[in-house]
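These notes are about the structure you will find just below.
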Amino acid sequence: MSLRAETPAPPSARVHRFTRAERWVHRATAALMGVCVVTAAVLYVPQLAVLVGRRELVVRVHECAGLALPVPVLLGLASRAFRADLRFLNRFGPHDRVWLRAASRRDRRHGSRPAGKFNAGQKVYAAWIAGATLVMLGTGLMMWFTRLTPLMWRTSATFVHDWLALTIGVVLAGHIGMALGDPEARRGLRTGTVSEEWANREHPLWRP
Amino acid sequence: MNSEQSEEHAPERDGRPIGRRVFLGTLGLGALGVVAAPALQRGVEGFLGGVAGKDPTGLTGLLPNGGGFRYYSVAASVPHKTAADYRLTLDGLVDHPRGYTLDELRALPRTRLVKDVQCVTGWRVPGTPFEGVRLSHLLDAAGVRPSAKALRFTCFDGTYTESLTLDQARRPDVLVALRMQDKDIGHDHGGPVRLYVAPMYFYKSAKWLSGITVTDRVQPGYWENLGYDVDAWVGRSNGRGDEPTS
Chain A
3 MSLRAETPAP
13 PSARVHRFTR
23 AERWVHRATA
33 ALMGVCVVTA
43 AVLYVPQLAV
53 LVGRRELVVR
63 VHECAGLALP
73 VPVLLGLASR
83 AFRADLRFLN
93 RFGPHDRVWL
103 RAASRRDRRH
113 GSRPAGKFNA
123 GQKVYAAWIA
133 GATLVMLGTG
143 LMMWFTRLTP
153 LMWRTSATFV
163 HDWLALTIGV
173 VLAGHIGMAL
183 GDPEARRGLR
193 TGTVSEEWAN
203 REHPLWRP
Chain B
367 MNSEQSEEHA
377 PERDGRPIGR
387 RVFLGTLGLG
397 ALGVVAAPAL
407 QRGVEGFLGG
417 VAGKDPTGLT
427 GLLPNGGGFR
437 YYSVAASVPH
447 KTAADYRLTL
457 DGLVDHPRGY
467 TLDELRALPR
477 TRLVKDVQCV
487 TGWRVPGTPF
497 EGVRLSHLLD
507 AAGVRPSAKA
517 LRFTCFDGTY
527 TESLTLDQAR
537 RPDVLVALRM
547 QDKDIGHDHG
557 GPVRLYVAPM
567 YFYKSAKWLS
577 GITVTDRVQP
587 GYWENLGYDV
597 DAWVGRSNGR
607 GDEPTS
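Chains as they are written, first to last, in our numbering: chain A, 3 to 210; chain B, 367 to 612.
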């Protein structure tokens, strides 16, 4: 495991970052989230709503994708590596405070952005999107099974579902935008390994 | 650096569980949002209603409760009808059942009403003109029998249905509408002919109206079978307290 400690590897050396389980959890979650976003746009944006018929089918696909959204993460709990990632994401050390402060100052120097396997921004994003997904699931179920709750609640659930959907859309665009700007991070999720140079630069406190 | 490696390892694994707090906090805020939604919604509507009037881009219309109509259809697809193939039938407990073409409806005396439209899901569109034939006019022409108590409406989307009591249907602010926002009603808004029940939530104003049957009792419509109130007065039903529209 301590690849870097033993070999004084050349700069081109690859560092193991994600197992197959971690990669598939991300891939499946991204695909389901994508289906939710596209079907939501069709149901919500008037110009698209008029273009796409078979509204009942679109609603059913949206509901099923939304219901399945937490499943990859739950299945991932069977993987030791994924559980270790959740632990990394949960725990914030003093360096994360330094990272967040640098981010709020828009200080992009690597020296002022210390990070372990995940940086503080990734940790906050992971925790927020997990909570937001469950809020969407809860309010979605209230809108779906109208008989479960009083109509008053259903109206309130619609309000939260609509506004949170818009917020998630913006945050998700930021997430994807940052991934587009970092090919090596994407390679890590695609192949499981990253260059040692990238790991040292972006995640100096990470000990794979 | 190597000597510090073991110390560096500690914060990575043993920091404070902030992630869990962010996660639970988001869940809590979501629950709070549902509880506070009625108050928040009024505030947002008030604000966006003011902004939307001065927004030439129309982007505020895309925001939740940003004003404007939303397209809802419960059918997989809805056929398009024109003056050539549109028919409205009026039958059931009447002396003279008959069908109307679009041109025949257009030749009848018109009424124009300008009132707010209120949807049961929360959106409201202020001051929307509707123009059409009073439903009471069609009922009088057909000769309603004494045993009649209610009306059942059917639509050419093949799925949607609605209902009104006879007393509700005879109100002067209930129209078989031919024009909306001073234009012939387009397909997306339920054209060429839709029902317009001014004092009730907008699900009563059935789109793509094709049939009116006079019945001896109220038969609940599509949404009413899914838990919505049959007597859908704005502000006095469906657990909502909106400002009345008519």
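Even for Gly, the Cβ is constructed at its ideal location relative to N, Cα and C.
So, does the CB of residue i fall closer than 8 Å to a CB anywhere in chain A?
i: B/A598; result: no
i: B/Q547; result: no
i: B/A572; result: no
i: B/A403; result: yes
i: B/R382; result: yes
i: B/R408; result: no
i: B/T487; result: yes
i: B/R606; result: yes
i: B/G432; result: A caution first: B/G432 carries a pLDDT of 49, below 50, which makes its placement in the model unreliable, though a value can still be read off. No, no contact with chain A.
i: B/F522; result: no
Is DSSP giving residue i helix, strand or coil here?
i: B/D380; result: helix
i: A/A80; result: coil
i: A/S197; result: strand
i: A/D98; result: helix
i: A/C38; result: helix
i: B/Q547; result: coil
i: A/F20; result: coil
i: B/F568; result: helix
i: B/T448; result: coil
Can the beta-carbon of residue i be found closer than 8 Å to that of residue j?
i: B/D457; j: B/A514; result: no
i: A/G194; j: A/H28; result: no
i: B/Y588; j: B/T525; result: yes
i: B/V540; j: B/L504; result: no
i: B/R464; j: B/A535; result: no
i: B/V510; j: B/L468; result: no
i: A/W200; j: A/G118; result: no
i: A/L76; j: A/T31; result: no
i: B/E609; j: B/G601; result: yes
i: B/T531; j: B/V584; result: yes
i: B/T611; j: B/D482; result: yes
i: A/L34; j: A/A86; result: no
Any C-beta of chain B sitting closer than 8 Å to the C-beta of residue i?
i: A/M154; result: yes
i: A/N121; result: no
i: A/N92; result: yes
i: A/R115; result: no
i: A/V17; result: no
i: A/A187; result: no
i: A/W130; result: yes
i: A/G68; result: no
Run the CB neighbour count on residue i, radius 10 Å, all protein chains shown included, and call it buried at 16 or more, exposed below.
i: A/L79; result: exposed
i: A/A159; result: buried
i: B/N368; result: Residue placement at B/N368 is flagged as unreliable, the pLDDT there being 43, under the threshold of 50; a coordinate-derived value is accordingly withheld.
i: A/A129; result: buried
i: A/T141; result: buried
i: A/W94; result: Going by the sequence as given, residue 94 of chain A is Phe instead of Trp. The residue is buried, with at least 16 neighbouring Cβ atoms inside 10 Å.
i: B/K573; result: buried
i: B/E373; result: Because B/E373 carries a pLDDT of 45, less than 50, the predicted location of this residue cannot be relied on, and the following value inherits that uncertainty. The residue is exposed, with fewer than 16 neighbouring Cβ atoms inside 10 Å.
Comparing C-alpha positions only, which one of the options sits nearest to residue i?
i: A/F84; options: A/R25, A/V196, A/T41; result: A/R25
i: A/A132; options: B/G381, B/G607, B/L393, B/I384; result: B/L393
i: B/G381; options: A/L139, A/H97, A/R103, A/F147; result: A/H97
i: B/A599; options: B/S571, B/L592, B/V559; result: Inspection of the sequence shows that residue 599 of chain B is occupied by Trp rather than by Ala. Comparing Cα positions, the closest option is B/S571.
i: A/R22; options: A/R16, A/S81, A/V60; result: A/S81
i: A/H177; options: A/L150, A/Q124, A/A67; result: A/Q124
i: B/R606; options: B/R490, B/R500, B/D506; result: B/R490
i: A/G36; options: A/L143, A/R56, A/V137, A/I170; result: A/I170
Problem - Residues of the segment 97-112 of chain A whose Cβ lies closer than 9 Å to any Cβ of chain C, in chain order - result: Of the chains in the structure shown, none is chain C; the protein chains are A and B.
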